[in-house]
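Scroll down for the structure; my scribbles are underneath it.
Numbering (the working numbering), first residue to last: 265 to 611.
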């Protein structure tokens with residue numbers, strides 16, 4: 265009889281365990297559904313002319329927000345980025361670390377000031393939510409940037425630096441090249457002990473699910489003739505290493521299933537700032553080939569079309585016909601369309 269009771273007891277324990285597991289699964293699914301519902305609520309009317317107060321309130325709140333972050337420009341990330349890019353313009357590849365006081369190459373500041381955000385505080389796509397606009401604009405892409413360098417006070421390895429981030433402006437576009445969207449322009453001013461060193465206006469575009477899935481954006485054929493260029497194919501290893509170096513957990517760069525099924529891209533996307541670094545590397549290499557030391561004052565670029573992993577791209581550049589201190593830079597995708605365009609002003 266005691267054996268029967270023990271068997272019944274074990275069955276009851278097993279049944280309770282199964283019920284507990286089932287309840288936890290239901291709770292987990294409920295949380296996921298709730299989170300997705302938060303992102304997919306059809307509230308586009310919030311941002312129409314009849315009720316634009318939500319965006320206005322968000323903009324007002326963000327305009328008063330200022331985030332100060334601090335970092336030390338240690339040498340190792342520079343060496344790792346040089347190896348990631350296999351960059352021939354710097355002497356610190358393989359196991360060679362840059363010396364203290366080595367000047368930070370243009371756009372390489374992205375390996376510093378990583379988002380120090382726990383996973384629980386990230387958006388569902390893996391991105392940090394600072395200056396995130398209200399729903400339904402939940403899918404983020406890099407739109408471009410303008411960078412200004414203080415040539416008298418460059419960033420150097422070993423320095424203690426501070427970055428102040430503010431909202432410069434936010435623009436709602438009901439109809440545009442990428443569909444309904446909100447463009448968020450962030451000011452990022454970096455200073456060291458001697459004062460300001462570089463200023464960046466970073467442009468991010470936030471789209472709705474409908475904007476992403478409504479079809480491809482209008483493409484522009486690239487008809488300009490470069491005076492120097494390089495063709496390369498960004499690999500998944502390149503994208504992974506760059507994501508790791510910049511502590512970028514945005515899933516469109518490394519999760520093929522997410523990029524294709526959730527955001528409706530054909531493959532994982534090349535990072536916008538990585539595109540800018542590749543362009544500046546091309547220009548630096550060209551100027552060095554002329555036995556000159558490059559000094560940059562300003563770099564402005566826009567991302568027009570996504571670039572994808574394992575698809576060839578061509579980095580292009582030429583000197584401006586009107587000013588020898590200005591260079592035009594652009595990136596052509598595997599279909600011959602203009603994906604990124606920019607210009608650089610030498611000091």
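Glycine is no exception: its CB is placed at the ideal position from the N, C-alpha and C atoms.
Considering only the beta carbon of each residue, do residue i and residue j sit closer than 7 Å?
i, j, result
"residue 567", "residue 490", "no"
"residue 595", "residue 608", "no"
"residue 523", "residue 516", "yes"
"residue 471", "residue 403", "yes"
"residue 572", "residue 606", "no"
"residue 371", "residue 496", "no"
"residue 333", "residue 427", "yes"
"residue 349", "residue 362", "no"
"residue 254", "residue 547", "Limits of the chain in this structure are 265 at one end and 611 at the other, which puts residue 254 out of reach."
"residue 601", "residue 577", "no"
"residue 429", "residue 331", "yes"
"residue 510", "residue 375", "yes"
"residue 550", "residue 575", "no"
"residue 415", "residue 557", "no"
"residue 237", "residue 459", "In the structure as shown, the chain begins at 265 and stops at 611. Residue 237 is therefore absent and cannot be evaluated."
Tell me the DSSP bridge mates of residue i?
i, result
"residue 433", "449"
"residue 602", "596"
"residue 462", "413, 454"
"residue 334", "426"
"residue 559", "Note: residue 559 sits in no beta bridge, so no partner."
"residue 469", "405, 447"
"residue 581", "492, 593"
"residue 610", "560"
"residue 532", "The partner list for residue 532 (beta bridge, DSSP) is empty, contrary to what the question assumes."
"residue 572", "533"
"residue 565", "409, 606"
"residue 485", "601"
Between residue i and residue j, which are expected to be in contact by the criterion C-beta below 8 Å, what is the C-beta distance as a whole number of angstroms?
i, j, result
"residue 419", "residue 373", "6 Å"
"residue 422", "residue 365", "6 Å"
"residue 589", "residue 562", "The pair is not a contact, with the Cβ atoms about 10 Å apart (cut-off 8 Å)."
"residue 392", "residue 379", "4 Å"
"residue 492", "residue 467", "That belief does not hold up - the Cβ atoms of residue 492 and residue 467 are roughly 27 Å apart, past 8 Å."
"residue 322", "residue 398", "5 Å"
"residue 431", "residue 395", "6 Å"
"residue 425", "residue 456", "5 Å"
"residue 360", "residue 405", "The pair is not a contact, with the Cβ atoms about 35 Å apart (cut-off 8 Å)."
"residue 518", "residue 542", "Incorrect: roughly 18 Å between the Cβ atoms, too far for contact."
Flag residue i as yes if its beta-carbon sits less than 7 Å from any beta-carbon of chain D, otherwise no.
i, result
"residue 497", "Structure shown: chain D not included; a single protein chain is present."
(request) Please determine if the region 441 to 452 and the region 348 to 355 are in contact, where contact requires at least 3 C-beta pairs separated by less than 8 Å. (result) no
ask   = Does the region 530 to 545 touch the region 385 to 404, meaning 3 or more C-beta pairs lie closer than 8 Å?
value = no
- Uninterrupted beta strand (DSSP E) stretches inside the region 350 to 429 (no shorter than 3 residues): The qualifying runs are 403 to 413.
Does the contact criterion of 3 or more C-beta pairs under 8 Å hold for the region 448 to 467 versus the region 397 to 417?
yes
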